[in-house]
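Only one structure is covered here, and it is reproduced in the block below.
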Amino acid sequence: MQELNNSSKFFKSGNSFGLRLTKNDREKMHANPGDEYEKTISPDGKVITFKKKEQVDDKTLAMINQLFDENKELMERLKDK
Numbered sequence: 001m002q003e004l005n006n007s008s009k010f011f012k013s014g015n016s017f018g019l020r021l022t023k024n025d026r027e028k029m030h031a032n033p034g035d036e037y038e039k040t041i042s043p044d045g046k047v048i049t050f051k052k053k054e055q056v057d058d059k060t061l062a063m064i065n066q067l068f069d070e071n072k073e074l075m076e077r078l079k080d081k
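According to full-length UniProt numbering, the sequence shown holds residues 1 to 81 in order.
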């Protein structure tokens, strides 16, 4: 696996902070606006790992929706527990 090693700086945007990525970083990550990533921070705060969340395909999403529709009453009872 080829890794990219360079640095990024924090920047402030309103009340939030961000890390700026280069175009090369974005291309290597196959990242697009709106993509979601899971973030893991080491206990000492020195290592941050981002893992792209997998997209749910349409067939799986349809199956999940059908399951919820068929069990609507049960889902309503469970949502507040």
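Glycine included, each C-beta is placed from N, C-alpha and C at the ideal position.
Asked	Found
Short Cβ contact (9 angstroms threshold) for Asp35 with Lys23	no
Beta-carbon proximity list for Ile41, same chain, < 6 angstroms, skipping 5 on both sides	Ile48
Spatial distance of Asn6 from Leu61 (CA atoms)	38 angstroms
Per DSSP, the bridge partner or partners of Gly18	Phe11
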